[in-house]
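Structure record follows, encoded as structure tokens.
Residue numbers (the working numbering): 2 to 79.
Laid out in structure tokens, this is it:
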């Protein structure tokens, strides 16, 4: 929740929205009131985490590993 500062209504300069900074527009479709509803966002981003990493511990380990993209360290991401 670093980029969003744990704000449900967060929007970054690239247009990514919500607590987990969804950049593909799915959050707005799944959670029409995403700006004010924490529970829907929590369910959406938890589902994303489970499909990709299975557990919060594995997601955190990936985040801490600072996996490079195209050989470049882009910081922590998941």
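Ideal Cβ positions, reconstructed from N, Cα and C, are used throughout, including at glycine.
Residue span of the alpha helix (DSSP H) that contains residue 4, given as start and end: Counting from 1 along the chain shown, the entry for residue 4 is found at position 3. That residue, residue 4, is in no alpha helix (DSSP H); it is neither H nor E in DSSP.
Proximity of residue 31 and residue 45 at Cβ, strictly below 8 angstroms: Working through the chain shown from its first residue, we reach residue 31 at position 30. Working through the chain shown from its first residue, we reach residue 45 at position 44. Yes, they are a contact pair.
Supposed contact pair residue 5 and residue 20 - C-beta distance, whole angstroms, cut 8 angstroms: Residue numbering aside, residue 20 sits at position 19 when the chain shown is read from its first letter. Residue numbering aside, residue 5 sits at position 4 when the chain shown is read from its first letter. Sure, about 5 angstroms apart at Cβ, within 8 angstroms.
Whole-angstrom distance between residue 40 and residue 7, CA atom to CA atom: By one-based count along the chain shown, residue 7 stands at place 6. By one-based count along the chain shown, residue 40 stands at place 39. The straight-line gap from Cα to Cα measures roughly 13 angstroms.
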